[in-house]
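By our numbering, the letter at position 117 of the sequence shown is numbered 119, and the numbering carries on one by one without gaps. Ideal placement from N, C-alpha and C gives every residue a C-beta, glycine not left out. Small disclaimer: the values here were computed from a predicted structure and weren't measured. Report on the following structure.
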Amino acid sequence: MINKQVSDAYTAIRDIEDGSTIMLGGFGLCGIPENCIAALVKKGVKQLTCISNNAGVDDFGIGLLLKTRQVKKMISSYVGENAEFERQLLSGELEVDLIPQGTLATRCMAAGYGMPAIFTPAGVGTEVAEGKEVRNFNGKDYLMEYAFDADFALVKAWKGDTAGNLIFRSTSRNFNPLMAMAGKVTIAEVEELVEAGTLDPDHIHTPGVYVHRIFQGKDYEKRVEQRTVRPRN
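This is the structure we're talking about:
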């Protein structure tokens, strides 16, 4: 097995350059590549196109990259928790492509599967369909949407091994496994890194063949966007 372990986040993202298109896994603030994002902020790369389900919050996640004006374009599904994102969008500083969540996920999957495009009923007859090809299958219209073309995919897993095999937990499985398949170069940070052969093959969600670099992350905050609790009785 090839050892894909690197020492840290900064080494892992070393060849991400200005103008790169990157996928960032996670759902809300769950399962986001915190260490890779911090390394991108430190490196100062700019003009990034970011494909992510959400845009983080003002002081965390992709919000850190927005704050430092490193993002040129956001391709997302949900962006309602970030005031700086809203400001940049309304002022024309940030390009934004809002995509139905299922379409976003399936375009990631298509890229991983080597499919050039998908057909979906989501968005037919709306602004989403403007300028796109529509085909009719069995009496129903579908939009053609292209698979994503990302230079890098940055994902975060609960556990991984030095060969790049990954295990995700709970909500972090929504987008991370799809994006791990889809990047030309996939970089994984994990909470626990073990030797190859240690993980039970039946528990692996993403095989190491999709992963190019892996490292053990540190200092995870695991924030919650909107904490909602029931009052104590």
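Taking the alpha carbon of residue i as the reference point, which residue from the options has its own alpha carbon closest?
{"i": "L96", "options": "S172, R229 and K74", "result": "K74"}
{"i": "A131", "options": "P118, E147, I120 and K224", "result": "E147"}
{"i": "H205", "options": "S54, I15, V157 and F170", "result": "F170"}
{"i": "C110", "options": "A155, M76, N140 and G133", "result": "A155"}
{"i": "R225", "options": "S174, G199, G133 and R232", "result": "S174"}
{"i": "E36", "options": "E19, D153, Q228 and G58", "result": "G58"}
{"i": "R16", "options": "L66, K45, T105 and L31", "result": "K45"}
{"i": "L106", "options": "F62, E88, G133 and I77", "result": "I77"}
{"i": "N176", "options": "T23, L31 and G21", "result": "L31"}
{"i": "S22", "options": "K186, G133 and G116", "result": "K186"}
{"i": "F62", "options": "E227, R234, T122 and G82", "result": "E227"}
{"i": "E194", "options": "S172, Y222 and Y115", "result": "Y222"}
{"i": "G33", "options": "V231, S172, N235 and R229", "result": "S172"}
Can you list, in chain order, the residues of its chain with a C-beta nearer than 7 Å to that of residue i? Leave out the 5 residues immediately preceding and following it.
{"i": "V213", "result": "K6, G166, L168, A182, T188 and A190"}
{"i": "E197", "result": "D163 and T164"}
{"i": "P209", "result": "N167"}
{"i": "M117", "result": "A149"}
{"i": "H207", "result": "L168, I169, F170, R175 and P179"}
Spatial neighbours of residue i within its chain, please: CB distance less than 6 Å, with the 5 preceding and 5 following residues excluded, ordered by chain position.
{"i": "A112", "result": "I120 and A149"}
{"i": "A14", "result": "V8, I189, R215 and F217"}
{"i": "L201", "result": "D163 and N167"}
{"i": "V81", "result": "A57 and F87"}
{"i": "G65", "result": "G58, V59 and N84"}
Are the Cβ atoms of residue i and residue j separated by less than 8 Å?
{"i": "M72", "j": "L42", "result": "For the sequence presented, residue 72 should be read as Gln rather than Met. A contact, by the Cβ cut-off of 8 Å."}
{"i": "N84", "j": "D99", "result": "no"}
{"i": "A11", "j": "C38", "result": "yes"}
{"i": "A152", "j": "A184", "result": "yes"}
{"i": "Q49", "j": "S79", "result": "no"}
{"i": "L1", "j": "E86", "result": "Residue 1 falls outside the range modelled here, since the chain spans only 3 to 235, and no answer is possible."}
{"i": "V47", "j": "I4", "result": "no"}
{"i": "T122", "j": "T108", "result": "yes"}
Please go through the same chain and pick out, in chain order, the residues whose beta-carbon is closer than 8 Å to the beta-carbon of residue i, but skip the five residues on each side of it.
{"i": "V136", "result": "V126, D143, Y144, L145 and M146"}
{"i": "V192", "result": "K158, A159, W160, K161, G162, L168, I216, F217, Q218 and G219"}
{"i": "N138", "result": "Y144"}
Tell me the residue span of the beta strand (DSSP E) that contains residue i.
{"i": "G242", "result": "Not covered by the structure: residue 242. The range shown for the chain is 3 to 235."}
{"i": "L100", "result": "E97 to L100"}
{"i": "M76", "result": "V73 to S78"}
{"i": "E147", "result": "K142 to Y148"}
{"i": "L31", "result": "Counting along the chain, L31 falls outside any beta strand (DSSP E), and DSSP gives it neither H nor E."}
{"i": "Q218", "result": "R215 to Q218"}
Assuming residue i is part of the alpha helix (DSSP H), what are its boundary residues?
{"i": "E194", "result": "Run containing E194: none in the alpha helix (DSSP H); it sits in the beta strand (DSSP E), V187 to V196."}
{"i": "K69", "result": "I64 to K69"}
{"i": "R89", "result": "A85 to S93"}
{"i": "A184", "result": "N178 to A184"}
{"i": "I39", "result": "E36 to K45"}
{"i": "R225", "result": "From DSSP, R225 is part of no alpha helix (DSSP H); its letter is neither H nor E."}
{"i": "M111", "result": "Q103 to Y115"}
{"i": "F131", "result": "Contrary to the premise, residue 131 reads as Ala rather than Phe in this sequence. Careful: A131 lies outside any alpha helix (DSSP H) and carries neither H nor E."}
{"i": "T13", "result": "A11 to A14"}
Stretch pair the stretch 168–181 + the stretch 9–29: three plus CB contacts closer than 8 Å: yes
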